[in-house]
């Protein structure tokens, strides 16, 4: 199942990590990468880190908007992840 997530890329970070935050608009993934925001290096590093953290191939992740911005919409197909996806189930 294809999933679209909201991502905020933070280039030139001291460590590479992914943090999941709950906002009123939904879930935001903050992706900290050590690469600079030059020549697409931060985007490439963000895709590699997300692929590793979510357990999918890099080829299954693509930026669908925000190529030249820190805020991005990213498509992941298929959705198999160690970081839990937004729940579509209703409880209660």
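Residue numbers (the numbering used here): -7 to 84. By construction, the Cβ of each residue, glycine as well, lies at the ideal position given by its N, Cα and C atoms. Remember, predicted model here, so these are calculated numbers, not experimental data.
- Pairing residue 29 with residue 3 gives a Cβ-Cβ distance under 8 Å.
- Beta-carbon to beta-carbon, residue -1 and residue 66 are separated by about 5 Å, close enough to satisfy the 8 Å threshold.
- Note on geometry: alpha-carbon atoms of residue 41 and residue 5 lie some 13 Å from one another.
- For residue 14 and residue -3, the gap between their C-alpha atoms comes out near 12 Å.
- Note: residue 35 is not bridge-paired with any residue in the DSSP secondary-structure output.
- The residue among 53, 64, 11 and 10 with its C-alpha nearest the C-alpha of residue -6 is 53.
- Counting only unbroken stretches of 3 or more residues, the beta strand (DSSP E) elements lying wholly within the region 8 to 52 are 9 to 15 and 18 to 24, in sequence order.
- Ranked by Cα distance from residue 51, the first of 20, 64, 36 and 17 is 36.
- Rounded to whole angstroms, residue 10 and residue 19 show a C-alpha spacing of 13 Å.
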